[in-house]
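**Q**
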Amino acid sequence: MAKILTLHGVNLNMFGKRDPKTYGTATLAQIDSQLDALGKELGVEVECYQTNIEGEMCSRIHRAFEEKVDAIVINAGAWTHYSYAIRDALAILTAPIVEVHMSHVHAREEFRHKSVFAEIAKGQISGFGVESYLLGLRAAVAAIKAGK
Ligand code: DQA
1 MAKILTLHGV NLNMFGKRDP KTYGTATLAQ IDSQLDALGK ELGVEVECYQ TNIEGEMCSR
61 IHRAFEEKVD AIVINAGAWT HYSYAIRDAL AILTAPIVEV HMSHVHAREE FRHKSVFAEI
121 AKGQISGFGV ESYLLGLRAA VAAIKAGK
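Here the sequence shown is numbered in UniProt numbering, starting from 1 and rising by one per residue.
(1) According to DSSP, what are the bridge partners of Ala71?
(2) Report the option in Ile120, His106, Gly129, Lys145 whose CA atom is closest to the CA atom of Ile86.
(3) Confirm the yes/no value for this check: CB of Ser33, any heavy atom of ligand 1, distance under 8 Å.
(4) Is DSSP giving Gly123 helix, strand or coil here?
(5) Let me confirm a value: Asp88 is counted as buried when at least 16 other C-beta atoms fall within 10 Å, else exposed. Which label applies?
(6) Closer than 8 Å to a non-hydrogen atom of ligand 1 - does that hold for the CB of Gly9?
(7) If you draw a straight line from the alpha carbon of His113 to that of Ile4, how long is it in whole angstroms?
(8) For the 8 Å Cβ check, are there 3 or more pairs between the region 28-44 and the region 59-68?
(9) Counting beta carbon pairs with one atom in the region 91-101 and one in the region 123-132, are three or more of them shorter than 8 Å?
(10) Does DSSP classify Glu47 as helix, strand or coil?
(11) If you draw a straight line from the alpha carbon of His104 to that of Glu66, how long is it in whole angstroms?
(12) Would you check whether ligand 1 has a heavy atom nearer than 8 Å to the C-beta of Arg87?
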């Protein structure tokens, strides 16, 4: 069974409490359980991981390389906009990478318009709340099936 790793970055453990107008009221645990349920429906294994520590995120990505995960769905939070360390870690992988955001980053402050992962991601889904993650998981499964 294909394995998809969902990575949640800095501050995303605060979903549900943090700025509900922008991010809604679903908690990270609720998002993860929706991903798990959709993974079952699509016949893939989904593992979710969150950290607020940049180096830990890099180490988890290194482990994903060793484990040969089939795809990555990542919401790196603010790291998206500036972390070359996480970008370089992701670039080690050959598996497809789908970038997701709950909010519509291109309709927000200018610093959120830039993603340092853009060149290495298959694509980005932003602005659909929890649905961004679910669409991201579907996109990851499609990329695995397409063999890219
Ligand atoms: C976010 C958007 C980022 O700009 C922000 O720093 C986050 C969350 C989103 O899911 O909309 O922490 O990635």
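Cβ coordinates follow ideal geometry from the N, Cα and C atoms, glycine included.
**A** Let me spell this out:
(1) What you label residue 71 is simply residue 71 of the sequence shown in a count that begins at 1. Residue pairing by DSSP puts Ala71 in a beta bridge opposite Ile4.
(2) For this step, residue 86 is matched to residue 86 along the sequence shown. Ranking Ile120, His106, Gly129, Lys145 by Cα distance to Ile86 puts Ile120 first.
(3) For the purposes of this step, residue 33 is taken as the residue at position 33 of the sequence shown. Taking 8 Å as the cut-off, one finds no heavy atom of ligand 1 near enough to the beta carbon of Ser33.
(4) Taking the sequence shown and counting its residues from 1, one reaches residue 123 at position 123. Assigned with DSSP and collapsed to three states, Gly123 falls in strand.
(5) Start at 1 with the first residue of the sequence shown, and residue 88 comes out as number 88. Exposed, by the Cβ-count rule.
(6) Taking the sequence shown and counting its residues from 1, one reaches residue 9 at position 9. Checking the Cβ of Gly9 against ligand 1 gives yes.
(7) Within the sequence shown, the letter at position 113 stands for residue 113. Within the sequence shown, the letter at position 4 stands for residue 4. Between His113 and Ile4, the C-alpha separation is close to 26 Å.
(8) A contact is defined here as three or more CB-CB pairs under 8 Å, and the region 28-44 fails this definition with respect to the region 59-68.
(9) The region 123-132, when compared against the region 91-101, does touch it at the 8 Å Cβ threshold.
(10) Locating residue 47 in the sequence shown gives position 47, counting from the first residue. It is a strand residue.
(11) What you label residue 104 is simply residue 104 of the sequence shown in a count that begins at 1. What you label residue 66 is simply residue 66 of the sequence shown in a count that begins at 1. Between His104 and Glu66, the C-alpha separation is close to 33 Å.
(12) For the purposes of this step, residue 87 is taken as residue 87 along the sequence shown, with counting starting at 1. No, the Cβ of Arg87 stays beyond 8 Å of every heavy atom of ligand 1.
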